[in-house]
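Chemist:
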Amino acid sequence: MQYVFIPEILNLIDIDEILNNCKNGYINITPNIKNILVVNLGMSKKELTHFINNKCNIYVFGKNFSLNQLKNLSFDAIFISDGKLHFEELEVLVEKIKKYIGVKTILGVGLGKDVIEMAICKKQGDNQWDQNNGILKNERYGIYCSDNNSDDSLKKLLKLSKIA
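Add 27 to the 1-based position in the sequence shown for our numbering, that's all there is to it.
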């Protein structure tokens with residue numbers, strides 16, 4: 028038998044008691060690490076490092092990723108960076124992101140925010156945002172965005188979305 032715990036519960040359990048009650052079993056203590064799918068439209072290494080420093084495992088994809096590539100990945104959220112896209116590329120990316128509206132937490136900055144707004148409008152016809160300290164959010168769909176891609180904005184996005 029296997030028991031899996033997050034580190035926060037370590038102070039609440041008696042490891043010896045659990046091991047004595049399940050002969051030939053073991054305990055796996057797993058840190059609470061979030062898996063983030065990053066759609067990189069022009070991120071800096073500093074921005075990527077920000078996710079890693081906040082205990083996020085990241086899968087980085089370019090703008091031309093396919094939905095098939097994502098099928099076997101386990102991820103908690105999608106982050107779309109700021110950057111540049113041609114109009115045709117923008118439409119394709121919006122269609123891909125639309126499939127995850129309301130399914131995964133989605134974060135975006137700059138152009139990433141615009142992609143998300145377009146995807147919400149196409150999928151739901153709903154573009155209602157609340158604003159909190161420069162962060163636009165739509166908690167109904169688990170979406171958190173900012174026009175600004177500063178370290179402070181990324182930190183706020185991760186905190187509000189409960190990623191970090």
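Glycine residues also receive a C-beta, built at the ideal position from the N, C-alpha and C atoms. Computed from a predicted structure; not experimentally measured.
On a CA-only basis, which of K90, D43 and L187 is nearest G69? Give me that one, please.
Modeler: K90
Chemist: Could you tell me which of N80, I63 and Q96 sits nearest to K131, measuring between CA atoms?
Modeler: I63
Chemist: For I147 versus Y171, is the C-beta distance shorter than 9 angstroms?
Modeler: no
Chemist: Grab the span of the beta strand (DSSP E) containing V119 for me, first residue to last.
Modeler: V119 -> not in any beta strand (DSSP E); alpha helix (DSSP H) instead, spanning F114 to K125.
Chemist: How many angstroms separate the CA atom of K149 from the CA atom of G135?
Modeler: Rounded to whole angstroms, K149 and G135 show a C-alpha spacing of 17 angstroms.
Chemist: Determine the closest residue to D178 out of Q96, T76 and V119, with distance taken between C-alpha atoms.
Modeler: T76
Chemist: Quick one: what's got a C-beta closer than 6 angstroms to L5's C-beta in the same chain, skipping five residues either side?
Modeler: The requested residue 5 does not occur in the structure, where the chain is confined to residues 28 to 191.
Chemist: So D174 and K140 are supposed to be a Cβ contact under 8 angstroms. How far apart are they, rounded?
Modeler: 6 angstroms
Chemist: Check whether the Cβ atoms of L187 and N165 sit closer than 9 angstroms, and answer yes or no.
Modeler: no
Chemist: Taking all protein chains shown into account, decide if K126 is buried (16 or more other Cβ within 10 angstroms of its Cβ) or exposed.
Modeler: exposed
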